[in-house]
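A.B. asks: Quick one: this structure, given as C-alpha cells, is what I'll be asking you about.
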C-alpha cells in the first residue's frame with residue numbers, strides 16, 4: 004500500500020514540475036508578445052526592468068521549451084503508465100482515483116499553457132507575416 008502511495012506522490016510531483024516549467028514558457032515568451040501585440044510595450048519594458056530574469060529566460064527560450072516539453076512528455080507517460088493501478092482498499096482506492104484525476108487535470112492545464120507559449124514564441128509572427136502577403 005505504501006509503495007502505491009509513493010508512486011502517486013511521485014506522479015503528482017512530476018505533474019506539478021511540468022506545470023511549473025510550462026508556466027515558465029508562458030511568462031518568458033507568450034505574455035510579453037501578447038502585451039506588445041496589444042500595444043502595451045511600456046508595460047513589458049516596466050516588467051523587464053523590474054524582473055531582469057525575464058530577459059535571460061527569453062534568451063534561452065529554446066532550451067526552456069525543450070526541457071518543459073520533455074517534462075510534459077515524461078509526465079504524460081507516467082500518468083498513462085499507472086492509470087487504473089489503485090489499491091484494493093476502498094478508501095485508498097478512492098483517494099488514488101482522485102489523485103489520478105488531479106494529475107490529468109494539472110497535466111492538461113500545463114499542456115495548454117505550453118502550447119500557448121509555443122504559439123506566441125514561434126508561430127505568431129510567421130502567421131502574421133503570411134497573412135499580410
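Numbering (our numbering), first residue to last: 4 to 136.
Cβ coordinates follow ideal geometry from the N, Cα and C atoms, glycine included.
Go through the region 21 to 89 residue by residue and report every complete run of the beta strand (DSSP E) that reaches 3 residues or more, in order.
C.D. replies: none
A.B. asks: Is the separation between the beta-carbon of residue 113 and that of residue 75 shorter than 8 Å?
C.D. replies: yes
A.B. asks: Specify, as a first and last residue, the run of the alpha helix (DSSP H) that residue 95 falls within.
C.D. replies: 93 to 121
A.B. asks: Does the contact criterion of 3 or more C-beta pairs under 8 Å hold for the region 89 to 108 versus the region 55 to 72?
C.D. replies: no
A.B. asks: Is the region 114 to 125 touching the region 60 to 79 in the sense that three or more CB pairs, one from each, lie closer than 8 Å?
C.D. replies: yes
A.B. asks: Can you give the Cα-Cα distance for residue 50 and residue 44, rounded to whole angstroms?
C.D. replies: Straight-line Cα distance between these residues: approximately 10 Å.
A.B. asks: Residue 20: which of 115, 134, 121, 110 sits nearest, CA to CA?
C.D. replies: Of the listed residues, the one whose Cα sits closest to residue 20 is 110.
A.B. asks: Compute the Euclidean distance between the alpha carbons of residue 118 and residue 98, then round it to the nearest angstrom.
C.D. replies: Approximately 30 Å between the Cα atoms of the pair.
A.B. asks: Return the first residue and the last residue of the alpha helix (DSSP H) that residue 134 is part of.
C.D. replies: 127 to 134
A.B. asks: With a CB to CB cut of under 8 Å and the five nearest residues on each side skipped, what residues in its chain are close to residue 94?
C.D. replies: none
A.B. asks: Tell me whether residue 35 is buried or exposed, calling it buried when 16 or more other Cβ atoms sit within 10 Å of its Cβ.
C.D. replies: buried
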